[in-house]
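The block underneath contains the structure these notes are about, expressed in structure tokens.
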Amino acid sequence: MLLLRHVFLLLLMVAPLLKTNAQDRTLTLDEAVKLGLANSKTLKYSQSKIDQAVSQYNQVKDRALPTGSVSYMYSRAQIPANTLAFGPSSFSLPKSANANLGIASLAEPIYAGGKFRYAKESTDLLVKIARLDVDNDRDQVSYGIISAYYNLYKVLQSKKVVDTNLVTVDQQIKQAQRFFEQGIVTKNDVLRFQLQRSNIELNGIELESNRKVINYNLDVLLGLPETTQININQLNTLDHPIQPLTNYLDSAFANRQEIRQLDLRTRVAESNIKTVHADRLPTLAATAGAYYVDISINPLPTRGNYITPLTVGLALSWNFGSLWNNKNREAEARIERDQTVINKGITTDNLKNEVNESYQNFIAAINKVNLLQTAIAQATENNRLQQSRYRSNISTATDRADAQTLLYQAQIDLELAKADAGLAYYSLLKSTGKINK
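Residue numbers for the sequence shown follow our numbering, so the first one is 7 and each next one is one higher.
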């Protein structure tokens, strides 16, 4: 019994640890992007837009199918005055009469000026545009996930630097306290290092707060339980060769969805012009009809009381008023086409600026990392010299603390710069339309 009690207590102690570990999850960048894309409500909404466009396309195809209708009518006529006199002759009608009339008709369009074909072309192009909208949204979602992932990476790397420096400062405080006890340094020197530790701890508190916010947002973005603590795999943020700017511009012109969409919208506008023009033309349809005419009150056929005419024919119609009524509609359609062409030029210019800005930001980020690596080497050497001078009681505690602070700040700046360089690379990929390729 005592043994079971100990086992139960042990399980109670271990259970929270197991729960905590179950909430930790290490993700690579690719895994995070896949999770985010699968969970994205934006993409689900965009997919519904594709489904809507496909439905509209199918509706247009349905318009080219034969149309048919069936109707039935019963009527009864009461004729109080039922005699017509024509001089010496007269003609009498019955006091009442019944009539049953059934009609079934079918019409198949043969020629409508190409309106059905242009409508199908237009809606088919709109389906393609909707698919490109999804691709564009996928790029936006992917970049948002990558940005959040790198922000979390920056915070976690900075926390590592903070933890490392806290260990170093603690060692320095112990050393200063020994020197103080030996009368080598003053109490103020010890307080200087303690103040330095407090400042580092304050930075650590702020970083932990930022980590929780970013981690929570990323959990929501990826569709993970909101208590999941995400760990980041080590990122290689500098393994991205720099190509000439023209390569990135060519890639953008070939892959950016906005350019391809505007090309499709220009074709839609051309199709709309043809549709408006087709309204000027006559339409031709094949028709077939069946009639049931019965003069009895009983709607069921009775020999000698009904007739069933059958008709087939061609129906030609032409609203020639469209020759002058549609000219302004056609002018409007041409204006819309021209606006699309102009908009493509504007979008192309904006695209060039976006690619160039992302390219320059990427180069600047790489240069900043290289400069900070040099600064790290210099700060490390300066810190080593000040540490040696301090131990030899040549430099003051202020000089020693300043050297350590410079190294600490340079280390954090370097980690942030590496993450910014990695994010700048993906920003460049996004501007070229290749973030998901």
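Built from N, CA and C at the ideal position, the CB exists for glycine as well.
Looking only at 254, 291 and 160, the smallest Cα-Cα distance to residue 241 is reached by 160. In the three-state reduction of the DSSP assignment, residue 368 falls in the helix class.
Annotated three-state conformation of residue 87 is coil, per DSSP. DSSP lists 109 as the beta-bridge partner residues of residue 297. Non-local beta-carbon contacts of residue 39 in its own chain, meaning distances under 6 Å to residues more than five positions away in sequence, involve 148 and 151 in chain order. Counting only runs of 3 or more residues that sit fully inside the segment 258–296, no beta strand (DSSP E) segment turns up.
Judged by beta-carbon spacing, residue 389 lies beyond the 8 Å limit of residue 228, meaning their Cβ atoms are not closer than that value. Taking a C-beta distance under 8 Å as the contact criterion, residue 88 and residue 301 do not qualify as a contact pair. Straight-line measurement puts the Cα of residue 322 at about 19 Å from the Cα of residue 282.
Looking at 32, 200 and 144, the one whose alpha-carbon comes closest to that of residue 53 is 144. In the three-state reduction of the DSSP assignment, residue 434 falls in the helix class, which pools H, G and I. Here the C-alpha atom of residue 85 lies approximately 42 Å from the C-alpha atom of residue 324. Straight across, the Cα-Cα distance linking residue 135 with residue 430 is about 29 Å. With a cutoff of 8 Å on beta-carbon distance, residue 138 and residue 274 are scored as not near each other. Within 10 angstroms of the beta-carbon of residue 71 lie fewer than 16 other beta-carbons, which makes it exposed. Between residue 407 and residue 202, the C-beta gap is smaller than 8 Å, which places the two residues in contact.
Remark: C-beta atoms of residue 305 and residue 117 do not approach each other more closely than 8 Å.
In this structure, the CA atom of residue 403 is about 17 Å from the CA atom of residue 386. As computed with DSSP, residue 115 is found in a beta bridge with 291. For residue 181, the enclosing alpha helix (DSSP H) begins and ends at 121–187. Spanning the alpha carbons of residue 294 and residue 96 requires a straight line of approximately 40 Å. The C-beta of residue 334 has fewer than 16 other C-beta atoms within 10 Å across all chains shown, which makes the residue exposed. Annotation for residue 432: 149, 152 and 441 place their beta carbon closer than 7 Å to its own, counting only its chain and skipping 5 residues before and after. Closest by C-alpha distance to residue 236, out of 436, 439, 434 and 41, is 41. In the three-state reduction of the DSSP assignment, residue 204 falls in the helix class, which pools H, G and I. The beta-carbon separation of residue 289 and residue 120, rounded to 11 Å, does not stay under the 8 Å limit for a contact. In the three-state scheme derived from DSSP, where H, G and I count as helix and E and B as strand, residue 199 is classed as helix. Between residue 268 and residue 358, the C-beta spacing is not below 8 Å. Contact between residue 206 and residue 414 holds: their C-beta atoms lie close to 7 Å from each other, under 8 Å. Where residue 317 is concerned, the enclosing beta strand (DSSP E) starts and stops at 316–323. Annotation for residue 251: 365 place their beta carbon closer than 6 Å to its own, counting only its chain and skipping 5 residues before and after. Spanning the alpha carbons of residue 356 and residue 128 requires a straight line of approximately 27 Å. DSSP lists 104 as the beta-bridge partner residues of residue 82. Where residue 30 is concerned, there is no enclosing alpha helix (DSSP H), although the beta strand (DSSP E) around it starts and stops at 30–33. DSSP places residue 240 outside any beta strand (DSSP E), giving it a letter other than H or E. Only residues of its own chain outside the window of five on either side were considered, and among them 388, 389 and 392 have a CB closer than 6 Å to the CB of residue 409, listed in chain order.
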